[in-house]
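Chemist:
Protein chains: 2
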Amino acid sequence: MTIAASAHNPAFLHHLANSRSARLLHAELGRRWPESPDQLLSILRYALLPAGKLVRPIMTLYAAEAVGGDPRHVLPAALGMEYLHVATLVHDDIIDGDDLRRGRAAVPAAFGIPHAIVAGDHLIFSAFRSIVECGGAVPAAQVVAAAAELARAGEDLCRGQALESRLVGDPGSGVAPYLDMIRLKTGALFRAVCYIGAVLGGADDGLARRLARYGEHVGMAFQIRDDLLAYAVPVELTGKPATSDLTNGRPTLPVLLAHASGTPAQRQLLVDALNHGSGRDGDLARVRDLLVETSALDEAHARAIEQAALARAELSTLVPSESVEVLAGIARWVSGEVPEAEVS
Amino acid sequence: MTIAASAHNPAFLHHLANSRSARLLHAELGRRWPESPDQLLSILRYALLPAGKLVRPIMTLYAAEAVGGDPRHVLPAALGMEYLHVATLVHDDIIDGDDLRRGRAAVPAAFGIPHAIVAGDHLIFSAFRSIVECGGAVPAAQVVAAAAELARAGEDLCRGQALESRLVGDPGSGVAPYLDMIRLKTGALFRAVCYIGAVLGGADDGLARRLARYGEHVGMAFQIRDDLLAYAVPVELTGKPATSDLTNGRPTLPVLLAHASGTPAQRQLLVDALNHGSGRDGDLARVRDLLVETSALDEAHARAIEQAALARAELSTLVPSESVEVLAGIARWVSGEVPEAEVS
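Chains as they are written, first to last, in this note's numbering: chain A, 1 to 344; chain B, 1001 to 1344.
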């Protein structure tokens, strides 16, 4: 069975993880970041490997292929998308004080904050170096367009991060600011990932923008789903503490929805849970119960599926191909439309 | 009197600060970073303004002009050099725990570490966006070369930062590792600043590389001089605490030279001073006295002047012009060859 053919069933993730693109990326990451006695290189290797599901670089390769490009020509840029993603994780773990990432010590916990700052910065620069590395196979104007998109997306990520900090502690801050925030914080990188794959693959700006919009919706679906999984599945599956959002006072979509439809007592429970810095015993269980009772988890999931549908709609005018089918499958998968609990 | 004509006297700095290039940069910075109710934009404005002497962006403009380019076409990239420089200052102030910068609260002290991380990241992305912004007036291939150089320089800065942390506490670590470290930590950005000005100004790679080497030597001269000023002049002139290097255990050139030529007792004094984390009363005065006694400050200054001479030698094959004279003057000034205590 091809990956595309599995897009409607739980085997999709397995197929994607074992696709030629994924294997190529894993091999290239290992080759480019070998064991090293150098301390900084060791930290960078620790941050990058073992890699997660590599969803973003995989999307870059399929976006290139979907517009008729050669994925091998965009391989460095695809790796760069992972570098930028991991840079944000490393810096976020400092900001959030999270000690656990992908089931082991996060970079700041393992190496200290100064090294984590420098490692994150290095990965940002490496992302840009990876884009320009494609200049051997791709015309310079397209490399400039890709670098411009990455720079814009990076600024958006920072704006999203700043916006998120403004919503802290307030479960009544509303759904619209949350959606704006995740569009910047998460949507922007997924947008760049697809735009860059497309434009380096030879797409004109209009076609690349269509793939960018697809990516932005996928990113929003991904973030909504990731946020609600913190309340829906145990830590063993997500590899990070489910209480991080609560202890950091972050109101995610299910909390915002439960607050909007809740009784005064339910609202007070949410306000209290978001404003106990160190995380009170039982807060997570109480919030979980409330999110189930008020159907807020279900409603949030419906919003993720809605974003995935918007993403797929952007693909509808592309020439049908295996790659386009895989991109559609990714949208279904990140939104949890395909029955699969695990999200990277 | 022209700026170039003042390159051998103390008025040079005054002329440079009031040059058309400097005024253009100051005006453009103010225009691009206005007062804003947005928190992140306010922090970015605080980090950037009031600006320092803008030595790096000024060098970008003069490098462009020195190769026959139009400085107006490289203005965005020149601003980008300041963004990257300020990004490193903001992140360094977190790493070093420095609360004072340019005579007022440093960004982490004023806004907290999380906001300082995000602001620094944003400035890195803005630097790249500024490079691609030159794409309107400059061919794409040259923009790609400039972005590639900035990415490489950024990786070098991070490697320099990591190398610096390995030398901490050891005044016997030797002069060669220190020179390697400052070549990466400081030389790399000055190198990029000049390469980018030259390549966006229309220079071929060979000519741009010559200006890059000039810039690298200027950067090393600048760093040696900056490090020794911490022991030579009071805090009111540098705008940052002279004890930062000592409390952070960093052996700079005068300390390394004094250790190399010192008696066992003098060596012990240096080891002790670098290994009292919080800075003992009297340490700075004792180290200062030792650096004067052993002529280490004078010898370090001679090394700065030597780097400046290497920088000027790279300019000798360029077509003589006012711009080339100003670049030569900058090399003299940062090394302290021109009698002027103040360095930005």
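By construction, the Cβ of each residue, glycine as well, lies at the ideal position given by its N, Cα and C atoms.
For chain A, check one thing: does any of its Cβ atoms lie closer than 8 Å to the Cβ of Arg1073(B)?
Modeler: This sequence places His at residue 1073(B); Arg is not what is there. Output row for His1073(B): interface = no.
Chemist: Check the Cβ of Leu40(A) against every Cβ in chain B and list those closer than 7 Å, keeping chain order.
Modeler: Result: Cys1158, Arg1159 and Ala1162.
Chemist: If you draw a straight line from the C-alpha of Leu189(A) to the C-alpha of Val1074(B), how long is it?
Modeler: Rounded to the nearest angstrom, the two C-alpha atoms are 28 Å apart.
Chemist: Closer than 8 Å, CB to CB, is Ile196(A) near chain B or not?
Modeler: No - not a single Cβ of chain B is within 8 Å of the one on Ile196(A).
Chemist: Exposed or buried, which one is Glu314(A) when buried takes at least 16 other CB atoms within 10 Å?
Modeler: Burial call: buried.
Chemist: Between Gly219(A) and chain B, is the shortest Cβ-Cβ distance under 8 Å, so that the two count as touching?
Modeler: So, not an interface residue.
Chemist: In the DSSP assignment, what are the bridge partners of Arg104(A)?
Modeler: DSSP lists Arg101(A) as partners of Arg104(A).
Chemist: Please list, in chain order, the chain B residues whose beta carbon lies closer than 9 Å to that of Glu35(A).
Modeler: None at all; the shortest Cβ gap to chain B is about 17 Å.
Chemist: In this structure, how does DSSP classify Val193(A) when only helix, strand and coil are distinguished?
Modeler: Val193(A): helix per DSSP, three-state reduction.
Chemist: Quick check: is any heavy atom of the ligand MG less than 7 Å from the C-beta of Arg1213(B)?
Modeler: This structure does not include the ligand MG; it has no bound ligands of any sort.
Chemist: I'd like to know if the stretch 1082 to 1102 of chain B and the stretch 1037 to 1052 of chain B are in contact, where contact means that at least 3 CB-CB pairs between them fall below 8 Å.
Modeler: Yes: at least three Cβ pairs fall under 8 Å.
Chemist: Need the endpoints of the alpha helix (DSSP H) that Glu306(A) sits in, please.
Modeler: First-last of the alpha helix (DSSP H) with Glu306(A): Ala296 to Leu315.
Chemist: Just how far apart, CA to CA, sit Leu1270(B) and Glu35(A)?
Modeler: Near 36 Å, if we compare the C-alpha coordinates of Glu35(A) and Leu1270(B).
Chemist: Is there at least one Cβ from chain B nearer than 8 Å to Phe125(A)'s Cβ?
Modeler: Taking Cβ atoms only, chain B reaches closer than 8 Å to Phe125(A), which makes this a yes.
Chemist: Does the beta carbon of Arg1152(B) sit closer than 8 Å to a beta carbon anywhere in chain A?
Modeler: So, interface residue.
Chemist: For Ala1109(B), which residues in the same chain have their Cβ closer than 7 Å to its Cβ, ignoring the five residues on either side in sequence?
Modeler: Excluding residues within five positions, the ones whose Cβ falls inside 7 Å are Asp1099.
Chemist: Using the rule of at least 16 other Cβ atoms within 10 Å of the residue's Cβ for burial, across every protein chain shown, is Gly103(A) buried or exposed?
Modeler: Result: exposed.
Chemist: So, is the C-beta of Phe111(A) closer than 8 Å to a C-beta in chain B?
Modeler: No, because no Cβ of chain B sits closer than 8 Å to the Cβ of Phe111(A).
Chemist: Taking only beta carbons into account, state which residues of the stretch 89 to 101 of chain A come closer than 7 Å to chain B, listed in chain order.
Modeler: If the cut-off is 7 Å between Cβ atoms, the stretch 89 to 101 of chain A has His91, Ile94 and Ile95 near chain B.
Chemist: Do three or more CB pairs link the stretch 147 to 162 of chain A to the stretch 1105 to 1125 of chain B at distances below 8 Å?
Modeler: As far as the Cβ criterion goes, the stretch 147 to 162 of chain A touches the stretch 1105 to 1125 of chain B, which means the pair count is three or higher.
Chemist: Do the CB positions of Ala22(A) and Leu29(A) come within less than 8 Å of each other?
Modeler: No, the Cβ-Cβ distance between Ala22(A) and Leu29(A) is not below 8 Å.
Chemist: Under 8 Å, Cβ to Cβ, is there at least one residue of chain D near His85(A)?
Modeler: The structure shown has no chain D; the protein chains it does contain are A and B.
Chemist: For the stretch 130 to 183 of chain A, which segments carrying the alpha helix (DSSP H) assignment without a break, of at least 4 residues, lie completely within its bounds, in sequence order?
Modeler: List check, alpha helix (DSSP H) in window: 140 to 167 and 175 to 182.
Chemist: Determine the extent of the alpha helix (DSSP H) in which Leu54(A) is found, giving its start and end residues.
Modeler: From DSSP, Leu54(A) is part of no alpha helix (DSSP H); its letter is neither H nor E.
Chemist: In three-state DSSP terms, what is Gly112(A)?
Modeler: Three-state DSSP puts Gly112(A) in coil, outside helix and strand.
Chemist: In its own chain, which residues sit with a C-beta less than 7 Å from the C-beta of Gly1120(B), not counting the 5 before and 5 after it?
Modeler: Closer than 7 Å at the Cβ level, and outside the excluded window around Gly1120(B), lie Ala1087, Val1090 and His1091.
Chemist: How about Glu1340(B): is its C-beta nearer than 8 Å to some C-beta of chain A?
Modeler: Caution applies to Glu1340(B), whose pLDDT of 49 falls short of 50 and renders its modelled position unreliable; the model cannot decide the point.
Chemist: Is the beta carbon of Gly1135(B) less than 8 Å from the beta carbon of Leu1274(B)?
Modeler: No. Outside cutoff.
Chemist: Return the CA-CA distance between Asp93(A) and Arg45(A), expressed in angstroms with no decimal places.
Modeler: When rounded, the distance between both Cα atoms is 17 Å.
Chemist: Take the Cβ of Ser1261(B) as the centre, count every other Cβ of all protein chains shown within 10 Å, and call the residue buried at 16 or more, exposed below.
Modeler: Exposed.
Chemist: Would a C-beta distance cut-off of 8 Å place Pro71(A) and Glu133(A) closer than the cut-off?
Modeler: No, the pair does not count as a contact, with Cβ atoms beyond the cut-off.
Chemist: Between the stretch 151 to 158 of chain A and the stretch 1174 to 1192 of chain B, do three or more beta carbon pairs fall short of 8 Å?
Modeler: Touching, no.
Chemist: Classify Arg1020(B) as helix, strand or coil using the three-state DSSP reduction.
Modeler: DSSP places Arg1020(B) in helix when its eight states are reduced to three.
Chemist: Using a Cβ distance threshold of 8 Å, determine whether the stretch 196 to 203 of chain A contacts the stretch 219 to 230 of chain A, with at least three qualifying pairs required.
Modeler: These segments do not touch.
Chemist: Inspect the beta-carbon positions of Ala148(A) and Arg1129(B) and report whether they are closer than 8 Å.
Modeler: Cβ distance < 8 Å, so Ala148(A) and Arg1129(B) count as in contact.
Chemist: What are the boundary residues of the alpha helix (DSSP H) that His1276(B) is part of?
Modeler: It is not in any alpha helix (DSSP H) - His1276(B) carries neither H nor E in the DSSP assignment.
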